[in-house]
Every structure is written in C-alpha cells, then in structure tokens.
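What follows is a single structure, written as structure tokens, with notes after it.
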Amino acid sequence: MKTLIVTGGAGFIGSNFLHLLRVSRPEWKLVNLDALTYAGNLENLVAFEGAANYRFVRGDIAVREDVERAFAAAVELGGTVSVVHFAAESHVDRSIQSGLPFVQTNVLGTQVLLDASRAHGIERFVHVSTDEVYGSLGDSGYFTEETPLAPNSPYSASKAASDLLVRAAIHTHGFPALVTRCSNNYGPYQFPEKLIPLMIAKAGDGEPLPVYGDGKNVRDWLYVVDHCEAILAVLERGKLGETYNIGGHNEYENIAIVRRVLSELGKPESLIRYVKDRPGHDRRYAIDASKIERELGWRPRFRFEQALPLTIEWYRTHAAWLQRVRNGAYREYLVRQYGG
Ligand code: NAD
Ligand code: TDX
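The sequence shown lines up with residues 38 to 377 when you count with the numbering used here.
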C-alpha cells in the first residue's frame, strides 16, 4: 500500500495530480502539505472533502516542524511513504519583483524536505522541476537531460539550485530521488497570472490583453493531465537517480496563443496590446522528451487543438472559480478555517 506526501497540492499542477490519483489510484493514501500562499486554493480540492484516505496539512516546506506534521499524518494513514514535491514559488514575473521568497521556498524548502524525507527513510522522492533551468534556446534545437543548466530568472535559478540539492542528496546519501523537467503547462485550476488563463480571463471581460515585447517568444505547451501522467510514470517506474524531460513538441509563439484564445472566445484582435518586455525574457523553450518516451513508454494523450478548447470550456463552466480568484474571495476560507 502506498502513501504519498504531495507538497503544493493546492496549486495548479499539484491539485490536478491529486485529482488524477483520486481516479486512477483510489487505494493510495494522500497527504497534501501546502502553505496556502496566494497560489494555493482549497477550492481546487472540494472533491476531497471528507475522503478517508486524504489529509490536508497546512504548513511551510521550509519549516521542519510543519514537514514533520505531514510525516505524522502519513504514518497515521499507514503504508510505505513516498514524496512528490510540487510546492514552489512559480511565477517568473513575481521573481523579478522579489527573488527572496523564491530562495526561501524553492531552495531552503527543498533542502528541509530532503532532510526530513531522508530521516524518515522514504521509498521515493520525485522532484518536480522545469525546462526553464536550461535557459533559453535560439531558433533551433531542443533541451535534452544533458543540456547544461543556465537559468536566467530568479525563479529558474532557484529551481536549478533545488535540482542541484536533489542531485547532491542522491550522490552523497544514495537518496532515492528522481527529477522531472517539464515545459509550460495549461489546463484547469491554473492561477490567472500565467499566460493562458490570464488571456482567457481578460478576453472574457473585454479587457486589453498584454503581450510582452514582440510576442514572438516561443513556449512548448503541454496539457496538465499529460504532465501529471508523466509524473506518475516516473514515480512508479522511473529509474532512481535519473532526470526525465517532459514535453509534447508543441511550440507556439505567444502571439499565436493569444490570437487563438481570442478566436475561440469570438473576441476581436483589437484587444491585443503590445507592452514593455519582461526583463531578461527567455526567447524559446523546447523539450526533447525522447528519454521518458523510450524508457517509460509515456506519451502525451492530448493534442493542443483539442485541449486548448477544453481548457477554455473549463474556465467558462467554472466562471465562479475564476471570479473568486480574481476578486480575492477565494481567500475567505482561510479566515473561516484558520483565522487568516
Ligand atoms: P502554483 O504556483 O500554482 O502552486 C504552488 C503551490 O505550492 C501552491 O499551492 C502554494 O500554496 C504552495 N506553496 C508555495 N510555497 C510553499 C511553501 N513554502 N510550503 C508549502 N507550500 C507552498 O505552481 P504550479 O504551476 O502548480 O507548479 C508546481 C510545480 O511545477 C512547481 O515546482 C513548478 O516549478 C513546476 N512546474 C510548473 C510548470 C508550469 O507551467 N506551471 C511547468 C514546469 C514545472
Ligand atoms: O501577461 C503576460 N504576457 C505575456 O506576453 C504574461 C503573464 C506572459 N507573457 C509571456 C511571457 C512568456 O514568454 O507569455 C509566456 C508565458 O509566460 P508565463 O505564463 O508567465 O510562463 P513562463 O514564464 O514561460 O513560465 C511558466 O512555464 C514554466 C511557469 O510559470 C513556470 O512555473 C514553469 O516552470
């Protein structure tokens, strides 16, 4: 029997991962350790309320006592414990405003979690990282697992630092960890500060859509369910100590994404506004995912042409979720449940 501590399970990808497990691994026990920063939203997880195999622990991964409370909950549920580590400060623009919270959570938090996980003799530790640690590509080429780390933003530098701490734990202590590096995700429950949900929200309200620089920066988009299935494959079948790139060969210029969102919503392109570029803006990301395809048999199931409309439809049918995030009402439960 498996018991999983999922960090950051109230965020975008973490909550999608928990939903995947609820359906595909119903016998597993789940502990969600999440600090509920601005990006954490328990309204992503209403389906778990009252579930006997699920515990929520509000806590900070950088505080050992909080991490120990999550391990105590896992021990109480019984079974062999593994950790899937999503919790992070995740938004590049915020890291440009202030890098410190990124070092605190992504670097310090990861080390605290590694130390506690090692002390508890866990079975496996999956560290969820990003393609941004490789830096920026020119017009051609792909990131492989051998591409040297060359992060360019405080966000990606802090993620690269956390990857290196995981590497050190593997090398020094024989710690049973694996690292995943995925390209840009989109799908349900993504916080509307990231490109796709921000454009859906703004277009829906008839607000201007800010496109940074010339709009020709390229990202490699993957539907969040495909990412979650890849993480599950790595958790269950990945080789200890290895790193796996995850991506779906799905490159688009930002302006193409924005135009597509507008056309799906039947809104005019006159809403597009070219604005000042993001400082240090990486030009292009593109993932070579042949290793995970070859070794673990994982492949993306969703095509962009199918999953972008699905995503837009999700935001349309969850208008209340989006509105409560945008007007701050989603924080009300914090006051109700935790007094703030
Ligand atoms: P997110 O910002 O939506 O969610 C982060 C979650 O972590 C939130 O629930 C937040 O409350 C929690 N958290 C933050 N600081 C914490 C702390 N100190 N202790 C405990 N919990 C804390 O992020 P996301 O987009 O779901 O990304 C999840 C992971 O996947 C991150 O590690 C990110 O680097 C990585 N990743 C994201 C993408 C993407 O496109 N979103 C792509 C590749 C990799
Ligand atoms: O308003 C905007 N206008 C715009 O042109 C925003 C928010 C973004 N952009 C551009 C910047 C990027 O080129 O769109 C692209 C995507 O931006 P983000 O959604 O902020 O994502 P990105 O910076 O690529 O990082 C994301 O992918 C990798 C996630 O936020 C990271 O957590 C993940 O590691």
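Every residue gets a Cβ at the ideal spot worked out from N, C-alpha and C, and that includes glycine. Note that the structure is a prediction, hence the values are computed from the model and not measured.
Quiz item: Which residues share a DSSP beta bridge with aspartate 257?
Solution: Partner(s): Glu288.
Quiz item: Rounded C-beta distance between threonine 44 and leucine 70? I'm assuming under 8 Å.
Solution: With 8 Å as the limit, threonine 44 and leucine 70 qualify as a contact, their Cβ atoms being about 5 Å apart.
Self-check item: Distance CB(serine 195)-CB(valine 144) smaller than 8 Å
Solution: Against a cut-off of 8 Å, the Cβ pair of valine 144 and serine 195 comes out as a contact.
Quiz prompt | Cβ neighbour criterion (16 or more within 10 Å) applied to proline 337 | solution = The residue in question, proline 337, is buried, as its Cβ has 16 or more Cβ neighbours within 10 Å.
Practice problem: Look up asparagine 143 in the DSSP assignment and say whether it is helix, strand or coil. | Solution: Three-state DSSP puts asparagine 143 in a helix.
Practice problem: Assign glutamate 350 to buried or exposed, taking buried as 16 or more other Cβ atoms, counted over all protein chains shown, within 10 Å of its Cβ. | Solution: Counting C-beta atoms within 10 angstroms of its own C-beta, glutamate 350 has fewer than 16 neighbours from the protein chains shown and is therefore classed as exposed.
Quiz prompt | Any non-hydrogen atom of the ligand NAD closer than 7 Å to lysine 196 Cβ | solution = Answer for lysine 196: yes, Cβ within range of the ligand NAD.
Quiz prompt | Per-residue burial, aspartate 251 [other beta carbons within 10 Å of its own, 16 or more giving buried] | solution = With fewer than 16 other Cβ atoms inside 10 Å of its own Cβ, aspartate 251 counts as exposed.
Quiz item: Could you give the residue range of the alpha helix (DSSP H) that holds isoleucine 349?
Solution: Unbroken alpha helix (DSSP H) run through isoleucine 349: 341-354.
Self-check item: Helix, strand or coil at serine 195 [DSSP, three-state]
Solution: Secondary structure of serine 195 (DSSP, three-state): helix.
Quiz item: Cα separation between arginine 353 and proline 138?
Solution: Spanning the two alpha carbons is a distance of roughly 32 Å.
Self-check item: Nearest-angstrom Cα separation, counted from threonine 117 out to lysine 313
Solution: Their backbone Cα atoms lie some 50 Å apart in a straight line.
Quiz item: Based on Cα-Cα distance, which residue from Phe85, Glu290, Val170, Arg161 lies nearest to arginine 218?
Solution: Among Phe85, Glu290, Val170, Arg161, the Cα nearest to that of arginine 218 is on Val170.
Quiz item: Can you name the start and end residues of the beta strand (DSSP E) that serine 119 belongs to?
Solution: Looking at the DSSP string, the run of the beta strand (DSSP E) that includes serine 119 is 117-122.
Quiz item: Does the Cβ of tyrosine 249 lie closer than 7 Å to at least one heavy atom of the ligand TDX?
Solution: Because some heavy atom of the ligand TDX lies under 7 Å away, the Cβ of tyrosine 249 counts as near it: yes.
Quiz prompt | alpha helix (DSSP H) runs contained entirely in the stretch 60-142, provided each spans 4 or more residues | solution = 101-114, 129-134, all fully within the stretch 60-142.
Exercise. Keeping to the same chain, check which residues put their C-beta closer than 8 Å to that of glycine 243; ignore five residues upstream and five downstream.
Key: Leaving aside the five residues that flank glycine 243 on each side, the residues in its chain whose CB is nearer than 8 Å to its CB run, in chain order, Lys304, Leu308.
Exercise. Give a yes or no on whether the C-beta atoms belonging to tyrosine 223 and tyrosine 260 are separated by under 8 Å.
Key: Yes.
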